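In what follows, a structure is listed as structure tokens, so that the remarks can point back to it.
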Amino acid sequence: MEWMILPLKRYAQFNGRSRRKEYWMWILFQVIVGIVLSFVDAALGLGGQATGATSSVPGSVAAAGNLRGGILSNIFSLAVLLPNIAVAVRRMHDINRSGWYILLPMVPVFVAIFAMAGSAASGNMGVMIVAGVAGLAALICSILVFVWYCTAGTPGPNRFGNDPKADVPADLARTFE
1 MEWMILPLKR YAQFNGRSRR KEYWMWILFQ VIVGIVLSFV DAALGLGGQA
51 TGATSSVPGS VAAAGNLRGG ILSNIFSLAV LLPNIAVAVR RMHDINRSGW
101 YILLPMVPVF VAIFAMAGSA ASGNMGVMIV AGVAGLAALI CSILVFVWYC
151 TAGTPGPNRF GNDPKADVPA DLARTFE
């Protein structure tokens, strides 16, 4: 549990390094809280929705569900926006990359948005192709950033600070061995 709330303790700290465990436990914490808050929103009628369906065809096994958050989920998402950005920047620092790399997928997205806006005004098919290529580039950049989030940090100190594995208290490190 300590790893899950560590980014809250380092709420707006953009310097230093965060190891993979801190980043992914934070993501897990957000998923769990998001699901719980979505159910609470739906139960209290705060704009959330939780629905499910199963197949009625004999001999088939199929199920589907829809979960959408409401007011509480949105407040939680807004409250953890800054720690999300901070832990992502520190994660990039751990692999000796600038924190600005978390914005890499946004560059082609902005190109696609501007190209789409241009194509809507002019009806030019070439602009639509540029928007499609920019969308594909955004997908590739997103995959690259995801791979970086999964990459082991540089051992020892780097230009962003000391190795976070060396700074972990012994009792906390033993918990997740």
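Numbering of the sequence shown is given in the UniProt record's numbering, commencing with residue 1 and proceeding in unit increments.
Every residue gets a Cβ at the ideal spot worked out from N, C-alpha and C, and that includes glycine.
These numbers were taken from a predicted model, which means no experiment stands behind them.
Residue span of the alpha helix (DSSP H) that contains residue i, given as start and end
i           : result
residue 158 : Per DSSP, residue 158 belongs to no alpha helix (DSSP H) and is neither H nor E.
residue 74  : 71-79
residue 149 : 125-150
residue 34  : 20-44
residue 8   : 2-9
Residue j beta carbon less than 8 angstroms from that of residue i
i           : j           : result
residue 85  : residue 151 : no
residue 87  : residue 30  : no
residue 14  : residue 132 : no
residue 41  : residue 78  : no
residue 181 : residue 34  : The requested residue 181 does not occur in the structure, where the chain is confined to residues 1 to 177.
residue 165 : residue 10  : no
Per-residue DSSP class, three states only, for residue i
i          : result
residue 53 : strand
residue 97 : coil
residue 90 : helix
Residue-chain proximity (residue i, chain C), Cβ-Cβ < 8 angstroms
i           : result
residue 166 : The chain labelled as chain C is not found in the depicted structure, where only one protein chain is given.
C-alpha distance - residue i paired with residue j, whole-angstrom precision
i           : j           : result
residue 130 : residue 3   : 42 angstroms
residue 91  : residue 101 : 10 angstroms
residue 45  : residue 154 : 47 angstroms
residue 104 : residue 144 : 9 angstroms
residue 1   : residue 24  : 12 angstroms
Cβ contact (3+ pairs, closer than 8 angstroms) linking the stretch 152-165 and the stretch 126-136: With the cut-off at 8 angstroms, the stretch 152-165 and the stretch 126-136 do not touch.
contact_flag[the stretch 138-149, the stretch 105-112] where n(CB pairs < 8 angstroms) is 3 or more: yes
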